[in-house]
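Asks: Using the working numbering, the letters of the sequence shown correspond one by one to residues 1 to 330.
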Amino acid sequence: MLEPCIFLILLLAILIDALVGDPDFIYLRLKHPVQLMGLMISYLDKKLNKQYQNSFYQRISGIILIIFLLILSALFGLVLKNIFNLIPHGWILEAFIISSMIAAKSLYQHVKSVQNSLETSTLDEARLEASKIVGRNTKNLDNHGVARSAIESLSENFSDGIIAPIFWTVILGLPGILAYKMLNTADSMIGHKNHKYIYFGWASARLDDIANFIPARISALLFCIVASLSGRAAFIRSFKAIYNDAKKLDSINSGYPEAAMAGALNLILAGPRLYSGEDFKGNWIGDSVKGSTSNATHKEIGKALSLYTKACILSFLLVTLITLFFMERC
Numbered sequence: 001m002l003e004p005c006i007f008l009i010l011l012l013a014i015l016i017d018a019l020v021g022d023p024d025f026i027y028l029r030l031k032h033p034v035q036l037m038g039l040m041i042s043y044l045d046k047k048l049n050k051q052y053q054n055s056f057y058q059r060i061s062g063i064i065l066i067i068f069l070l071i072l073s074a075l076f077g078l079v080l081k082n083i084f085n086l087i088p089h090g091w092i093l094e095a096f097i098i099s100s101m102i103a104a105k106s107l108y109q110h111v112k113s114v115q116n117s118l119e120t121s122t123l124d125e126a127r128l129e130a131s132k133i134v135g136r137n138t139k140n141l142d143n144h145g146v147a148r149s150a151i152e153s154l155s156e157n158f159s160d161g162i163i164a165p166i167f168w169t170v171i172l173g174l175p176g177i178l179a180y181k182m183l184n185t186a187d188s189m190i191g192h193k194n195h196k197y198i199y200f201g202w203a204s205a206r207l208d209d210i211a212n213f214i215p216a217r218i219s220a221l222l223f224c225i226v227a228s229l230s231g232r233a234a235f236i237r238s239f240k241a242i243y244n245d246a247k248k249l250d251s252i253n254s255g256y257p258e259a260a261m262a263g264a265l266n267l268i269l270a271g272p273r274l275y276s277g278e279d280f281k282g283n284w285i286g287d288s289v290k291g292s293t294s295n296a297t298h299k300e301i302g303k304a305l306s307l308y309t310k311a312c313i314l315s316f317l318l319v320t321l322i323t324l325f326f327m328e329r330c
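1) Buried or exposed for P215, please, with buried defined as at least 16 other CB atoms from any protein chain shown within 10 angstroms of its CB.
2) Could you check whether the Cβ of C312 sits closer than 7 Å to any heavy atom belonging to the ligand SAM?
3) Whole angstroms are fine: how far does the CA of I67 sit from the CA of E119?
4) Report the CB separation of A164 from A211 in whole angstroms; it is logged as a contact under 8 Å.
5) Could you check whether the Cβ of E156 sits closer than 8 Å to any Cβ belonging to chain D?
6) How long is the line joining the alpha carbons of Y308 and I218, rounded to whole angstroms?
7) Given L249, which residues of its chain have a CB within under 8 Å of its CB, disregarding the five upstream and five downstream residues?
8) Give me whichever residues DSSP pairs with I285 in a beta bridge.
9) State the DSSP-derived secondary structure class of T297, mapped to helix, strand or coil.
10) DSSP on S61, reduced to helix/strand/coil?
11) Three-state secondary structure (DSSP) at R29?
12) Does M182 pass the burial test, meaning 16 or more other C-beta atoms within 10 Å, or should it be called exposed?
13) On a Cα-Cα basis, can you pick out the residue from G173, D24, I60 that is closest to V79?
14) In chain order, what residues of the same chain lie with their CB nearer than 6 Å to the CB of S42, ignoring the 5 residues before and after it?
15) Would you mind stating whether A95 and I9 have Cβ atoms separated by less than 8 Å?
16) Assuming K240 contacts V289 (C-beta within less than 8 Å), just tell me the rounded distance between them.
17) Look at L90 and F84 and say whether their C-beta atoms are less than 8 Å apart.
18) From what residue to what residue does the alpha helix (DSSP H) around T185 run?
19) Taking the straight line between their C-alpha atoms, what separation do you get for T122 and I301?
20) Classify L75 as buried or exposed, calling it buried when 16 or more other Cβ atoms lie within 10 Å of its own Cβ.
21) Excluding the 5 residues preceding and the 5 following M1 in the sequence, name in chain order all residues of the same chain whose CB lies nearer than 7 Å to its CB.
22) Please say whether A296 and A130 have beta carbons closer to each other than 8 Å?
23) So for M1, helix, strand or coil by DSSP?
24) Are K112 and L321 close, meaning C-beta to C-beta below 8 Å?
25) Which of helix, strand or coil does DSSP assign to N82?
26) Three or more C-beta pairs under 8 Å: does that hold for the segment 190-209 against the segment 102-112?
27) Grouping DSSP H, G and I as helix and E and B as strand, with all else coil, what is R127?
28) Which residue wins for smallest C-alpha separation from D17, given the options Y27, I102, I71?
Below, the structure is given as structure tokens:
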């Protein structure tokens with residue numbers, strides 16, 4: 001149920017994330033909520049994911065795991081919400097919790113570190129920085145491959161790490177964002193199409209696809225809109241890449257923000273890669289746009305970060321407008 005006052009809380013949460021992010025002085029002493037989710041998923045993975053079981057029982061075990069985790073996280077969010085309602089100005093505490101689920105500042109910092117390493121340090125250092133934000137094996141990537149991987153991660157995580165958390169906060173409040181983050185974390189840990197998780201992680205991967213279906217397309221639209229600030233040509237390229245290339249990836253969602261970014265920057269992204277020692281023959285996206293190139297450098301990362309920042313600001317402005325609209329009802 002839509003709660004008008006959630007927009008004011010969300011607006012504060014976005015501001016907290018933009019200004020403070022995930023402060024080291026807190027998370028060096030306490031585990032980040034997403035880390036706690038990861039520990040819980042890892043524990044249940046070891047308990048329930050039995051490789052000797054046939055595919056049917058592995059799939060059922062995975063369904064039980066994700067349903068349990070979603071119910072648990074949503075109930076925990078509901079309890080926290082009721083507690084905050086009893087505390088004077090408890091909505092501020094709620095905003096801090098929500099801000100920890102949004103990754104705008106930390107994502108910018110991680111991608112910026114890759115750019116800085118490519119520009120001023122060694123390729124090995126850049127590969128190391130890229131390995132912190134991408135799932136693929138980075139040890140054999142050249143300069144262009146490292147730059148592309150950082151831009152792809154920035155594009156996809158704009159949807160997963162910023163727009164989707166905002167979307168599910170608007171729809172279901174604190175329980176919604178906690179449940180979404182649990183699902184997204186589960187997908188990143190067990191939603192792989194390898195021997196160990198192809199059946200056990202099936203439910204997590206499919207539910208994550210559903211949860212990100214609308215946010216991914218909103219993200220692509222936002223990239224397309226802010227691309228127009230660089231000129232009509234950038235907008236047309238971005239729109240054309242979305243139309244022609246967004247469905248080329250195996251994921252029904254990640255291709256949309258990646259294609260929008262690729263078109264805006266006149267780049268070719270995705271393509272073949274190495275995951276956990278296994279070759280993955282992915283399609284290229286952005287190659288439908290005339291003049292596009294796969295030769296990304298630290299300069300293209302800088303342009304991608306600029307586009308990302310503008311998209312984040314646009315998101316903030318949209319939430320601000322909606323907050324002002326609902327202000328009288330809070």
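Think of the CB as a built atom: it goes at the ideal place given N, C-alpha and C, for glycine as much as any other residue.
Replies: On the basis of the supplied data:
1) Mapped onto the sequence shown, residue 215 falls at position 215. With 16 or more Cβ atoms within 10 Å of its Cβ, P215 is classed as buried.
2) The model on display carries no ligand, and the ligand SAM is accordingly not part of it.
3) In the sequence shown, counting from the first residue as 1, residue 119 sits at position 119. In the sequence shown, counting from the first residue as 1, residue 67 sits at position 67. Cα to Cα, the separation comes out at about 45 Å.
4) Locating residue 164 in the sequence shown gives position 164, where the first residue counts as 1. Locating residue 211 in the sequence shown gives position 211, where the first residue counts as 1. The pair is a contact, with the Cβ atoms about 7 Å apart (cut-off 8 Å).
5) Annotation note: the requested chain D is absent from the structure, which comprises a single protein chain.
6) Translated into positions along the sequence shown, residue 308 becomes position 308. Translated into positions along the sequence shown, residue 218 becomes position 218. Their backbone Cα atoms lie some 13 Å apart in a straight line.
7) Walking along the sequence shown from the start, residue 249 turns up at place 249. Taken in chain order, the residues that qualify are G255, E258, A270, G282, N283, I285.
8) Residue 285 sits at position 285 when you count from the first residue of the sequence shown. BP columns for I285 point to L269.
9) By 1-based counting over the sequence shown, the position of residue 297 is 297. Of the three classes helix, strand and coil, the one that applies to T297 here is coil, per DSSP.
10) Locating residue 61 in the sequence shown gives position 61, where the first residue counts as 1. The answer is helix: DSSP assigns S61 an H, G or I state.
11) Here the question's residue 29 lines up with position 29 in the sequence shown. Three-state result, R29: coil.
12) Working through the sequence shown from its first residue, we reach residue 182 at position 182. Buried.
13) The residue you call residue 79 lines up with position 79 of the sequence shown. Checking every option, the nearest Cα to that of V79 belongs to G173.
14) Taking the sequence shown and counting its residues from 1, the one referred to as residue 42 is at position 42. Result list for S42: empty, nothing under 6 Å.
15) As a position in the sequence shown, residue 95 is number 95, starting the count at 1. As a position in the sequence shown, residue 9 is number 9, starting the count at 1. Cβ atoms of A95 and I9: closer than 8 Å.
16) On the sequence shown, position 240 is the one that residue 240 refers to. On the sequence shown, position 289 is the one that residue 289 refers to. Contact flag correct, Cβ pair sits at about 6 Å.
17) For this step, residue 90 is matched to residue 90 along the sequence shown. For this step, residue 84 is matched to residue 84 along the sequence shown. Reading off the sequence shown, one finds Gly at residue 90, where the question assumed Leu. Yes, these two residues count as a Cβ contact at 8 Å.
18) Residue mapping note: residue 185 aligns to position 185 of the sequence shown, counting from 1. Where T185 is concerned, the enclosing alpha helix (DSSP H) stretches over 164-190.
19) Within the sequence shown, numbered from 1, the residue matching residue 122 stands at position 122. Within the sequence shown, numbered from 1, the residue matching residue 301 stands at position 301. Taking the straight line from one Cα to the other gives about 16 Å.
20) Locating residue 75 in the sequence shown gives position 75, where the first residue counts as 1. That one is exposed.
21) Here residue 1 is taken as the residue at index 1 of the sequence shown, counted from 1. Confidence in M1 is poor, its pLDDT being 47 and thus under 50, which makes the residue's placement unreliable; the coordinate value appears in the next sentence. Cβ within range, chain order: n/a, list empty.
22) One-based indexing of the sequence shown puts residue 130 at position 130. One-based indexing of the sequence shown puts residue 296 at position 296. The answer is no: Cβ separation not under 8 Å.
23) One-based indexing of the sequence shown puts residue 1 at position 1. Because the pLDDT at M1 is just 47, under 50, the model does not fix this residue reliably, and the value given afterwards should be weighed accordingly. DSSP places M1 in coil when its eight states are reduced to three.
24) Locating residue 112 in the sequence shown gives position 112, counting from the first residue. Locating residue 321 in the sequence shown gives position 321, counting from the first residue. Not in contact: K112 and L321 (Cβ atoms no closer than 8 Å).
25) As a working mapping, residue 82 is identified with position 82 in the sequence shown. Reduced to three states, the DSSP call for N82 is helix.
26) no
27) Translated into positions along the sequence shown, residue 127 becomes position 127. Helix at R127.
28) One-based indexing of the sequence shown puts residue 17 at position 17. Checking every option, the nearest Cα to that of D17 belongs to I102.
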